[in-house]
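Numbering (the working numbering), first residue to last: 196 to 374.
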Amino acid sequence: QYMESPHAYVPYEVIDQEFLGVTLANPTDFCVDFENIIYISDQDTDLGSVVILNDKFGVVARIDKFTNGWGVPDKIISPAAVFVTPARAEDYLPTDEALNTKTLYVCDSTQNRILVFDVTNIDPELTPEENAANIVYNTTIYQPESDVFAEGHIFRPIAVAVDKVGRVYSVGELTHQGI
Numbered sequence: 196q197y198m199e200s201p202h203a204y205v206p207y208e209v210i211d212q213e214f215l216g217v218t219l220a221n222p223t224d225f226c227v228d229f230e231n232i233i234y235i236s237d238q239d240t241d242l243g244s245v246v247i248l249n250d251k252f253g254v255v256a257r258i259d260k261f262t263n264g265w266g267v268p269d270k271i272i273s274p275a276a277v278f279v280t281p282a283r284a285e286d287y288l289p290t291d292e293a294l295n296t297k298t299l300y301v302c303d304s305t306q307n308r309i310l311v312f313d314v315t316n317i318d319p320e321l322t323p324e325e326n327a328a329n330i331v332y333n334t335t336i337y338q339p340e341s342d343v344f345a346e347g348h349i350f351r352p353i354a355v356a357v358d359k360v361g362r363v364y365s366v367g368e369l370t371h372q373g374i
C-alpha cells in the first residue's frame, strides 16, 4: 500500500507580460530590493532593457538608453543579469552618505561590460516617464586587469553580485579561471 504525498511546489500565481502590461522579449534575470522594487533584465534582439516594477507589479521605469560617461548617447544591448545594492535595509550605513545609495548593476554581456546606475531616487508612485530623470548612470565596469586571465581574454559577464562594502563579483561566459 502507498500513500500519496503532498505536492512539493504548487504555483500560487503566474506573472507574465500580459499580467504586467509590458512586453518582455526574453527576460533573463531579476532581483528584488529591500523596498520590494523588482528589476527584470530583458534581452531583445535589437535593444535590451531593465524593467523596474513596484511591489504590485506596476511598471515604475524602463532603462534602455542612457548617456554614458563620455556624454555620448548609449544603450543597453544584452542585459544578462541584474543586481541591486543594498538588498536589505539594514545594509544602509547611517554614518556614510556615499554608501547610502541604491545601485543597480547590469551585465551587458555582448558589450563586455557591467553598467552601474544610481536608482536611489526611484519613486514607486511616479510614472515611468517621471522616474526616467531619477535614474542616474554612474559608471561602466570593463574587463578587470589581472595576471590570471590569458592574453586576449574576452570579458563577457553573465552574472553579478556585490557585497556590503562594494566589491563586485562577476561570472563570465568565457571565463574559466578563478571560479
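Ideal Cβ placement from N, Cα and C applies to all residues, glycine included. Since we're looking at a predicted model, the values are computed, not measured.
For P206, there is no enclosing beta strand (DSSP E), as DSSP marks it with neither H nor E. Taking a contact to require three or more Cβ pairs closer than 8 Å, the region 261-279 and the region 320-339 qualify as touching. When DSSP states are grouped into helix, strand and coil, A220 belongs to the coil group.
Assigned with DSSP and collapsed to three states, T298 falls in strand. By the Cβ rule, the region 342-349 does not count as touching the region 266-278, because fewer than three pairs are nearer than 8 Å. Residue environment analysis places N231 among the exposed positions, since fewer than 16 neighbouring C-beta atoms fall within 10 angstroms of its C-beta. Taking each of V245, Y197, L321, D358 in turn and checking the Cα distance to A220, the smallest one comes out for V245. In this structure, the CA atom of I353 is about 6 Å from the CA atom of C302. Contact between G243 and I272 is confirmed by a C-beta separation of about 5 Å, below the 8 Å threshold. DSSP places T305 in the helix class (H, G or I) of the three-state scheme.
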